[in-house]
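Just below is one structure, and these are the notes that go with it.
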Amino acid sequence: MTEPEQPETKPASRPNPDPESGEVNLFSAEFAGCPQPVYRGLVQKCPVAHQTFTGGKVLSRYEDVLWALRNPQIFSSEMEMQLALGTERPMIPQQIDPPGQTKYRKVLDPRFSKKRMLELAPDVRRHANELIDSFIDAGSCEFDQAFAVPLPCTAFLSLMGLPQSELPFLLRLKDGIIRPQTLLDGEPTMEESQACRVQTGKDIYAYFEEVIDERVRKPGSDMVSYLLETEIGGHKLSREDILDVSFLLILAGLDTVTATLGCNIAYLASNPAQRERLVADPALLPAAVEELMRWEAPVTAVPRIVREDFTLHGVAFKAGEMVSLQIGAANLDDEEFGDALNVDLGRVRNRHMAFGGGPHRCLGSHLARMELQVAMEVWHERVSSYSIAPGETPVYSPGIREVTHLPLVWPAA
Amino acid sequence: MKLRVDLDKCTGHGRCYDLAPELFDEDEAGHCVLLHAKVPAGLEPKARVAADNCPEEAIQTTA
Ligand code: HEM
Ligand code: SF4
Chain A
1 MTEPEQPETK
11 PASRPNPDPE
21 SGEVNLFSAE
31 FAGCPQPVYR
41 GLVQKCPVAH
51 QTFTGGKVLS
61 RYEDVLWALR
71 NPQIFSSEME
81 MQLALGTERP
91 MIPQQIDPPG
101 QTKYRKVLDP
111 RFSKKRMLEL
121 APDVRRHANE
131 LIDSFIDAGS
141 CEFDQAFAVP
151 LPCTAFLSLM
161 GLPQSELPFL
171 LRLKDGIIRP
181 QTLLDGEPTM
191 EESQACRVQT
201 GKDIYAYFEE
211 VIDERVRKPG
221 SDMVSYLLET
231 EIGGHKLSRE
241 DILDVSFLLI
251 LAGLDTVTAT
261 LGCNIAYLAS
271 NPAQRERLVA
281 DPALLPAAVE
291 ELMRWEAPVT
301 AVPRIVREDF
311 TLHGVAFKAG
321 EMVSLQIGAA
331 NLDDEEFGDA
341 LNVDLGRVRN
351 RHMAFGGGPH
361 RCLGSHLARM
371 ELQVAMEVWH
381 ERVSSYSIAP
391 GETPVYSPGI
401 REVTHLPLVW
411 PAA
Chain B
414 MKLRVDLDKC
424 TGHGRCYDLA
434 PELFDEDEAG
444 HCVLLHAKVP
454 AGLEPKARVA
464 ADNCPEEAIQ
474 TTA
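For the protein sequence lines, the chains are A and B, in the order given.
For the first sequence, our numbering gives the first residue as 1, with consecutive numbering after it.
For the second sequence, our numbering gives the first residue as 414, with consecutive numbering after it.
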């Protein structure tokens, strides 16, 4: 059998010793709490694995994931709508492919540039200090609720121009899509979770319909007003376009930085030597933020659907199949990182994939990096010597790895 | 040392202008703007760090 013609960048074939043994569940709480050993197994032993919970194949080597991210004509983001997260149409720009996706990125990227995001830094810094003021004397906090949720979400709402008073409501909407299990009693079935997503999806559309109506009446400098006046190819964005962008921004903007802050602080609370290195040398911070993103990869994977048949590492991929690109595993590939298991907060060469790559590179990466830098800096200026509260264990939620329970203690003033 | 950026590959990660603002700036969309095709003396290590950290392998250095 001859292999179909491939773009020349297709990675060289590797043995896939036993694809059948590569059965992994990447959605369990155990995995979310400590994914690194699973990732290593995948990268070293099973470049093409099988995902038991949702079905579909898993790619894990750095080179393979990068190849997939950069070749949307083979690895499409245009999912079947029955797999969708409670949406009625694809979310823009994540669930559409270039060249359509590129046009939206052209108008969205300038709103999320690093220069613009740095303008928000003083507010984030002030807010971080205020939050810490409120609990530092107690010598303890539950980090998720006390810091990781309010800090980035407040910044995100002001960027969007949405009222802060609506945060609890918007967080519920976001959780109803990303982690419905947290809103439902007991252990919901897949069907119950999906029903919750569908209902929440309707609520999100209804909420933004109202926001759009308001901004049509009274335009401001907020995101929806910007989208209302934006043109692509001489045409204004449609109402549906604006809903489909806003839906994604709420999911992406209200969850990921919270999750990353929790993962970072949980790691440093459990690894005192690393924490002491960072506190002793604050100049390490930018590199440390990148290294913790590599190691923790709070967004563990991104989904793609195969568009054309191909063979990789001796395994046949068929058009229509789902593939999970395991970013977290790629970040632990020695072939790219040399000593990938060594968490080196001063790592000089770090092309980690925590923000994805190729055309769908995270739109919010400059916002996220700014928030993480400021939050980690202020936190370590003020609360330098912290640890997990005795007898407690951090709880990680599957999917995007938010540390939903992170009790910390430090010497009280 | 010379620097080249392949703007077809650049997707705006911004690692270059984060790590070597002396050599790179950003355009309105956050994509790379090369400030010095010929690296000023002393900045060679920075040029290498930027090239090494570009996730899209868009930056090339030549002796
Ligand atoms: C540390 C925090 C964050 C991480 C780890 C992260 C991770 C990612 C990843 C891996 C992708 C690629 C998805 C894919 O290829 O299918 C992505 C895309 C995206 N992210 Fe983020 N993200 C973060 C923060 C944010 C924030 C704060 C926003 C809010 C503005 C945001 C908005 C987006 C959008 C809109 C996309 C879709 C881009 C496209 O498809 O063109 N992200 N993110
Ligand atoms: S690091 Fe690479 S992809 Fe990112 S802006 Fe610079 S050249 Fe572009």
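Cβ coordinates follow ideal geometry from the N, Cα and C atoms, glycine included.
Model, not experiment: these values are computed from the prediction.
query = Is the segment 361-373 of chain A touching the segment 265-272 of chain A, taking contact as three or more C-beta pairs under 8 Å?
reply = no
request  = Closer than 9 Å by beta-carbon distance: list the chain A residues that pair up with Val462 of chain B, in chain order.
outcome  = Here residue 462 of chain B corresponds to residue number 49 of the second sequence, with the count starting at 1. What Val462 of chain B touches in chain A: Val348 and Arg349.
message = Under 7 Å: does the beta carbon of Ile472 of chain B sit that close to some heavy atom of ligand 2?
response = Here residue 472 of chain B is taken as the residue at index 59 of the second sequence, counted from 1. For ligand 2, at least one heavy atom lies less than 7 Å from the Cβ of Ile472 of chain B.
query = By the criterion of Cβ-Cβ separation under 8 Å, what are the contact partners of Thr424 of chain B in chain A?
reply = Your numbering for residue 424 of chain B matches position 11 in the second sequence. Residues of chain A passing the Cβ test: Gly357, Gly358, Pro359 and Arg361.
inquiry  = Give the list of continuous beta strand (DSSP E) stretches no shorter than 3 residues that lie fully inside the segment 100-159 of chain A.
reply    = The segment 100-159 of chain A contains these whole beta strand (DSSP E) runs: 140-142.
key: Distance between Glu336 of chain A and Met117 of chain A (C-alpha atoms, nearest Å)   = Counted from its first residue, the first sequence places residue 117 of chain A at position 117. Counted from its first residue, the first sequence places residue 336 of chain A at position 336. Cα-Cα distance, rounded: 30 Å.
ask   = From the beta carbon of Pro434 of chain B, is the nearest beta carbon of chain A less than 8 Å away?
value = Position 21 of the second sequence holds residue 434 of chain B. Pro434 of chain B does not count as touching chain A.
task = State yes or no: is the C-beta of Cys445 of chain B nearer than 7 Å to some heavy atom of ligand 2?
result = For the purposes of this step, residue 445 of chain B is identified with residue 32 of the second sequence, where counting begins at 1. Yes, the Cβ of Cys445 of chain B comes within 7 Å of a heavy atom of ligand 2.
query = Regarding His50 of chain A and ligand 2, is the C-beta to nearest heavy atom distance less than 7 Å?
reply = As a first step, residue 50 of chain A is located in the first sequence; it is residue number 50 there, counting from the start. Because no heavy atom of ligand 2 lies under 7 Å away, the Cβ of His50 of chain A does not count as near it: no.
query = Name the residues in the segment 52-75 of chain A whose C-beta lies less than 7 Å from a C-beta of chain B; which are they?
reply = none
ask   = Which residues in chain B sit within 8 Å of Met353 of chain A, going by Cβ to Cβ distance?
value = Here the question's residue 353 of chain A lines up with position 353 in the first sequence. Residues of chain B passing the Cβ test: Pro468.
task = With 8 Å as the threshold, decide whether the Cβ of Glu439 of chain B is near any Cβ in chain A.
result = Locating residue 439 of chain B in the second sequence gives position 26, where the first residue counts as 1. At least one chain A Cβ lies under 8 Å of Glu439 of chain B.
Short CB-CB distance (under 8 Å) between Lys10 of chain A and chain B = Numbered from its first residue, the first sequence carries residue 10 of chain A at position 10. Not an interface residue.
ask   = Closest by CA to Arg125 of chain A, which one among A:Pro152, A:Phe135 and A:Thr393?
value = Within the first sequence, the letter at position 125 stands for residue 125 of chain A. Nearest of A:Pro152, A:Phe135 and A:Thr393 to Arg125 of chain A, Cα basis: A:Pro152.
ask   = On the premise that Asp144 of chain A lies in contact with Lys404 of chain A, defined as a C-beta separation below 8 Å, what is that separation, rounded to the nearest angstrom?
value = As a working mapping, residue 404 of chain A is identified with position 404 in the first sequence. As a working mapping, residue 144 of chain A is identified with position 144 in the first sequence. According to the sequence as given, residue 404 of chain A is Thr; it is not Lys. Contact between Thr404 of chain A and Asp144 of chain A holds, with the beta-carbon distance rounding to 6 Å and staying under 8 Å.
request  = Please indicate yes or no: does the CB of Thr404 of chain A lie closer than 7 Å to some heavy atom of ligand 2?
outcome  = Within the first sequence, residue 404 of chain A is the residue found at index 404, counting from 1. Not so, every heavy atom of ligand 2 lies at least 7 Å from the Cβ.
query = At a CB-CB cut-off below 7 Å, which residues of chain B make contact with His366 of chain A?
reply = For the purposes of this step, residue 366 of chain A is taken as residue 366 along the first sequence, with counting starting at 1. Residues of chain B passing the Cβ test: Gly427 and Gly443.
inquiry  = Would Glu441 of chain B and Met414 of chain B qualify as a contact pair, given that the criterion is a beta-carbon distance under 8 Å?
reply    = Here residue 441 of chain B is taken as the residue at index 28 of the second sequence, counted from 1. Here residue 414 of chain B is taken as the residue at index 1 of the second sequence, counted from 1. Contact: no.
request  = Under 8 Å between beta-carbons, which chain A residues line up against Asp465 of chain B? List them in chain order, please.
outcome  = The sequence position of residue 465 of chain B within the second sequence is 52, counting from 1. Result: Val348, Arg349 and Arg351.
request  = Would you verify that the beta carbon of Pro93 of chain A is, or is not, closer than 8 Å to some beta carbon of chain B?
outcome  = Here residue 93 of chain A refers to the residue found at position 93 of the first sequence. Chain B, which has no Cβ nearer than 8 Å to the Cβ of Pro93 of chain A, makes this no.
query = Listing by chain order, which chain B residues have their CB less than 8 Å from the CB of Pro110 of chain A?
reply = In the first sequence, the residue the question calls residue 110 of chain A occupies position 110. Near Pro110 of chain A (Cβ distances below 8 Å), the residues of chain B are Glu441, Ala442 and Gly443.
request  = Could you work out which residue in A:Asp344, A:Trp379, A:Val245 and A:Pro359 is closest to Leu332 of chain A when comparing CA atoms only?
outcome  = Residue 332 of chain A sits at position 332 when you count from the first residue of the first sequence. The residue with the shortest Cα to Cα distance from Leu332 of chain A is A:Asp344.
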